[in-house]
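Colleague: Note that the sequence shown covers residues 2 to 281 in the numbering used here.
Please find one structure pasted underneath; my questions will follow.
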Amino acid sequence: MIKLDYFAVLIAIAAIVALSLWPLKSHGGGEHEEDHGVGAGQEEHGDAGGHAVHWTYAGAEGPDHWGGLSPDFEACSSGRMQSPIDIASAATGLTVGAPGYDIAYQDVPLSILHNGHTVQMNYAPGSSMSIEGQQYDLLQFHFHAPSEHTVDGKAFPMEVHFVHKDSHGGLAVIGVMIEEGAANAALADAWTHLPGHEAGETTIADVSIDAGAILPPDGRYHHYKGSLTTPPCSEGVRWFVLSQPISMSAAQIEKFEAAAAPNARPVQPLNSRLMIGPAG
2 MIKLDYFAVL IAIAAIVALS LWPLKSHGGG EHEEDHGVGA GQEEHGDAGG HAVHWTYAGA
62 EGPDHWGGLS PDFEACSSGR MQSPIDIASA ATGLTVGAPG YDIAYQDVPL SILHNGHTVQ
122 MNYAPGSSMS IEGQQYDLLQ FHFHAPSEHT VDGKAFPMEV HFVHKDSHGG LAVIGVMIEE
182 GAANAALADA WTHLPGHEAG ETTIADVSID AGAILPPDGR YHHYKGSLTT PPCSEGVRWF
242 VLSQPISMSA AQIEKFEAAA APNARPVQPL NSRLMIGPAG
């Protein structure tokens, strides 16, 4: 019995060390993806020959076929650490107590675009998230309907992704589920300027946005290592999916759905990845 306990401790320590040392930098050109990229409105990606590769959320260019559309997209079909995933809320082997990250988001002028796949709000420099001593700058946030991650097999009407990048090019994304309920006051002004179809970036100087006001008060999260949820599906992305959803009114949800939905990649296998969940 003593030997079994000893080896169990060693296995647990090894798992924690492996997770902490997992490379943070995404591979395969992860800086400029439409879903989680630096650039505004980059909805298509070049293949090896420099030609634009078009992809969609349905049909012959949909998620089941992304991996075959370009050699650059190979991870979409062959990757072992793909996102999104289904989160089993009560089936985690390790837990974390305090939220463990610090948010320092600022009010910025609203900069909004529709890149053909989602509505995205680009963020001016100066806002960041720090976790485990590593600072990540907030680049943008965007929306999916229905949610890309599911919880215990359940999809939410929408999900918002806050995309961050560190000084080495590593990506970290905070995912927040959105349920139907009270209108979201923090997004009300932005929603009046929501483009109904593909449109370039527009900055509305007299309208500001505070990403911090969108986050729920409960900062607990599930953490795992995954990928971009759009081509090229680059891996090495640190995901923090918050446990508490936020709400939007039926009218707010319907307005986004009319503009960009459905735009969710199906859930991917967890495989042998370690999931860290909140305590309590």
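Cβ atoms here follow ideal geometry from the backbone N, Cα and C, with glycine treated the same way.
In whole angstroms, what is the alpha-carbon distance linking Phe241 and Ser128?
Modeller: Their backbone Cα atoms lie some 17 Å apart in a straight line.
Colleague: Quick check on this structure: which residue in Ala146, Thr151, Asn123 and Ala184 has the alpha carbon closest to the alpha carbon of Asp138?
Modeller: Looking at the Cα atoms, Asn123 is the closest of the given residues.
Colleague: Which residues mark the beginning and the end of the alpha helix (DSSP H) in which Asp190 is found?
Modeller: Looking at the DSSP string, the run of the alpha helix (DSSP H) that includes Asp190 is Ala189 to Thr193.
Colleague: I need the boundaries of the beta strand (DSSP E) containing Ser129, first residue and last residue.
Modeller: Run containing Ser129: Ser129 to Ile132, per the beta strand (DSSP E) assignment.
Colleague: Leaving out the 5 sequence neighbours to the left and right, which residues in its chain are closer than 8 Å to Gly182 when beta-carbon positions are compared?
Modeller: Around Gly182: Ser248, Met249 and Ser250.
Colleague: In three-state terms, what does DSSP make of His66?
Modeller: His66: helix per DSSP, three-state reduction.
Colleague: Short check: CB of Phe157 to CB of Phe142, under 7 Å?
Modeller: No, these two residues do not count as a Cβ contact at 7 Å.
Colleague: Determine the burial state of Thr231: buried for a count of at least 16 other Cβ atoms within 10 Å of its Cβ, exposed for fewer.
Modeller: Thr231 comes out buried.
Colleague: Going by alpha carbons, who is nearest to Pro246 out of Gly80, Gly227 and Ile215?
Modeller: Nearest of Gly80, Gly227 and Ile215 to Pro246, Cα basis: Ile215.
Colleague: Give a yes or no on contact between the segment 204 to 211 and the segment 254 to 274, applying the rule of three or more CB pairs nearer than 8 Å.
Modeller: With the cut-off at 8 Å, the segment 204 to 211 and the segment 254 to 274 do not touch.
Colleague: Check Ser248 in the structure and name its three-state DSSP category.
Modeller: Note: Ser248 maps to strand in three-state DSSP.
Colleague: Considering only C-alpha positions, which residue in the set Val238, Glu236, Val120 and Ile104 is nearest to Leu111?
Modeller: Answer by Cα proximity: Val120.
Colleague: CB-CB under 7 Å to Gln136, same chain, minus the five flanking residues each way: which ones, in chain order?
Modeller: Cβ within range, chain order: Ser129 and Asp167.
Colleague: For Pro218, count the other beta carbons within 10 Å of its own beta carbon; 16 or more makes it buried, fewer makes it exposed. Which is it?
Modeller: Pro218 is exposed by the Cβ-count criterion.
Colleague: Assuming Gly213 is part of the alpha helix (DSSP H), what are its boundary residues?
Modeller: From DSSP, the alpha helix (DSSP H) with Gly213 extends over Ala212 to Ile215.
Colleague: Quick check on Ala146: buried or exposed, where buried means 16 or more other Cβ atoms within 10 Å of its Cβ?
Modeller: Buried.
Colleague: Which word fits Arg81, buried or exposed, when buried means at least 16 other C-beta atoms lie within 10 angstroms of its C-beta?
Modeller: Label assigned to Arg81: exposed.
Colleague: Measuring straight from C-alpha to C-alpha, what distance separates Ser79 and Pro72?
Modeller: Near 11 Å, if we compare the C-alpha coordinates of Pro72 and Ser79.
Colleague: Tell me which same chain residues have a C-beta within less than 6 Å of the C-beta of Leu25, skipping the five on either side of it?
Modeller: At Leu25, the pLDDT of 34 sits below 50, so the modelled position is not reliable; the number obtained from the coordinates is stated separately. These residues qualify, in order along the chain: Gly171.
Colleague: Can you give me the start and stop residues for the beta strand (DSSP E) that Ser228 sits inside?
Modeller: Tyr222 to Ser228 is the span of the beta strand (DSSP E), which, as asked, contains Ser228.
Colleague: Could you spell out the range, first to last residue, of the beta strand (DSSP E) harbouring Ala183?
Modeller: That residue, Ala183, is in no beta strand (DSSP E); it is neither H nor E in DSSP.
Colleague: Measuring CA to CA, which of Gln253, Glu236, Pro267 and Ala261 is closest to Ala186?
Modeller: Of the candidates Gln253, Glu236, Pro267 and Ala261, the one whose C-alpha sits nearest the C-alpha of Ala186 is Gln253.
Colleague: So what does DSSP say about Ile205, is it helix, strand or coil?
Modeller: Note: Ile205 maps to strand in three-state DSSP.
Colleague: Could I get the ranges of all uninterrupted alpha helix (DSSP H) runs contained in the segment 132 to 174, with 4 residues as the minimum, in chain order?
Modeller: Whole alpha helix (DSSP H) segments, 4+ residues: zero.
Colleague: How far does the beta strand (DSSP E) with Ala76 in it reach, from first residue to last?
Modeller: Not the beta strand (DSSP E): Ala76 falls in the alpha helix (DSSP H), residues Ala76 to Ser79.
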